[in-house]
Amino acid sequence: MVGLRRLIAGSAGTLLVGMFAGFVLASAVGVFIQDSGLFGASGESPIARAYMLGLLQRDPNSIVGIRPNQSIAQRAAELQGADTSRTTTSIQPLSLTYIGGASVGSYSVHIYAVGLRTAQGVDQFFPLALTVSGGKVVRSE
Amino acid sequence: MATLALFAVGILGGVVAHAVLDRGPAENPYPALPKVDEPRAAHDVVAAVGSDDAQALSRMLDSTMLTDLDTALQPIVDVRTTKFVGAVESEGRLLSAYVVTGKTTEGIDFVVGFVLRVSNDQVVGVN
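Below, the structure is given as structure tokens:
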């Protein structure tokens, strides 16, 4: 009985270690493929994309979990701005293009080109570089 | 032998779990612009940055753009590599994007991205 328990525990342990190794391996290979652009991978981070969509759709709530913590006053002011912006439809997104990016250690940089039309009908075209670390956008400029 | 097989099954399971959990970026509801080649003027500026050639850089950018470049490179003070990651163009306005790796004043490896605005074959801005 004890021998059987040991066998099951040992087998489960081996399986778990294997799963962990497989997960880490797949993650590392995925990052390499994304960064190198192999197999048509763009290298774009899901976090960076979600952040950009939240910005363009003027929805601060959708990106609250993926950016650095802000004070309650900052968040309230941002929500006010987003509400005003939505109701006046002052900005119309025209394009969102992922230009490229790269990683160093736990930091990755993702650069976008954004096309907007203002309320005055003026088209604007500008870049935005996002630095992502620890599952959050830690810098946006 | 059985242990090795179990380990292999585990690795396979881990790979499958990663594939299920890693969903990739959400769909982009906006049009994306086609990529274009790196503009020569931007290439020259970044080559000067990469080779630490302040004299060449001083001839290519005005003081406002040099200040913007300094801001864009923060906190890197020692540039190690520069990499062109792509360029896009909209109505004659061209954005050429780069990633720079280097060391901060504390000696920490860091990565930053910046973009050169190019118009009429000249660099007209740094973001």
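First to last, the sequence lines map onto chains A and B. Here our numbering is used: the first residue of the first sequence is 1, the next is one more, and so on. Here our numbering is used: the first residue of the second sequence is 1001, the next is one more, and so on. Ideal Cβ placement from N, Cα and C applies to all residues, glycine included.
As assigned by DSSP and simplified to three states, the class of residue i
i                  : result
Pro60 of chain A   : helix
Ala102 of chain A  : strand
Asp1062 of chain B : coil
Asn1011 of chain B : For the record, residue 1011 of chain B in the displayed sequence is Ile; it is not Asn. The answer is helix: DSSP assigns Ile1011 of chain B an H, G or I state.
Glu1038 of chain B : coil
Val1049 of chain B : helix
Glu78 of chain A   : helix
Arg49 of chain A   : helix
Ala1032 of chain B : coil
Val1126 of chain B : strand
Gly121 of chain A  : coil
Leu38 of chain A   : Annotation note: pLDDT 49 at Leu38 of chain A (below 50); position unreliable, no value reported.
Arg139 of chain A  : strand
Arg1117 of chain B : strand
Ala1026 of chain B : coil
Gly115 of chain A  : strand
Ser133 of chain A  : strand
Ser11 of chain A   : helix
Residue i, buried or exposed, once every other Cβ within 10 Å from all chains shown has been counted against 16
i                  : result
Gly18 of chain A   : buried
Leu999 of chain B  : Residue 999 of chain B cannot be examined here, being either before or after the span of chain B that is shown, 1001 to 1127.
Ile111 of chain A  : buried
Thr142 of chain A  : Residue 142 of chain A is absent from the structure shown; chain A starts at 1 and stops at 141.
Gly1014 of chain B : buried
Ile8 of chain A    : exposed
Ile63 of chain A   : buried
Leu4 of chain A    : exposed
Ala1042 of chain B : buried
Thr14 of chain A   : buried
Gly100 of chain A  : buried
Met1001 of chain B : exposed
Nearest candidate by alpha-carbon position, reference residue i, set the options
i                  : options                                       : result
Phe23 of chain A   : B:Ala1026, B:Lys1103 and B:His1018            : B:His1018
Leu128 of chain A  : A:Val138, A:Ala113 and A:Gly121               : A:Ala113
Val1111 of chain B : A:Ile47, A:Gly135, A:Gln120 and A:Thr131      : A:Thr131
Leu1163 of chain B : A:Ser11, A:Arg5 and A:Leu4                    : For residue 1163 of chain B there is no data in the structure shown, the boundaries of chain B being 1001 and 1127.
Phe1114 of chain B : A:Ser108, A:Glu141, A:Thr118 and A:Ala119     : A:Glu141
Ala50 of chain A   : B:Asn1028, B:Asn1127 and B:Gly1013            : B:Asn1028
Val1123 of chain B : B:Lys1083, B:Gln1055 and B:Leu1069            : B:Leu1069
Gln80 of chain A   : A:Asn61, A:Leu7 and A:Gly121                  : A:Asn61
Gly1125 of chain B : B:Thr1105, B:Thr1082, B:Thr1067 and B:Leu1006 : B:Thr1067
Phe125 of chain A  : B:Ala1072, B:Ala1047, B:Val1020 and B:Ala1032 : B:Ala1032
Gln57 of chain A   : A:Gly43, A:Ser90, A:Gly100 and A:Gly13        : A:Ser90
Val104 of chain A  : B:Leu1094, B:Thr1064, B:Lys1083 and B:His1043 : B:Lys1083
Glu78 of chain A   : A:Ile66, A:Leu55 and A:Tyr98                  : A:Leu55
Cβ pair residue i, residue j closer than 8 Å
i                  : j                  : result
Glu1038 of chain B : Ser1096 of chain B : yes
Leu94 of chain A   : Asp123 of chain A  : yes
Ile1076 of chain B : Val1100 of chain B : yes
Gln92 of chain A   : Leu116 of chain A  : yes
Gly1010 of chain B : Leu16 of chain A   : yes
Leu25 of chain A   : Tyr1030 of chain B : no
Asp1061 of chain B : Val1085 of chain B : The question names Asp, yet the displayed sequence has Leu at residue 1061 of chain B. Not a contact, by the Cβ cut-off of 8 Å.
Lys1103 of chain B : Arg1117 of chain B : no
Glu1091 of chain B : Val1036 of chain B : no
Val2 of chain A    : Pro68 of chain A   : no
Ser45 of chain A   : Ser106 of chain A  : no
Ile47 of chain A   : Gly135 of chain A  : yes
Asn1127 of chain B : Ala1072 of chain B : yes
Asp1121 of chain B : Arg1059 of chain B : no
Closer than 8 Å to chain E by CB, residue i
i                : result
Ile63 of chain A : The displayed structure is made up of protein chains A and B, and chain E is not among them.
Of all the alpha helix (DSSP H) runs that stay within the bounds of the stretch 1056-1112 of chain B, which reach a length of 4 or more residues?
1063-1073
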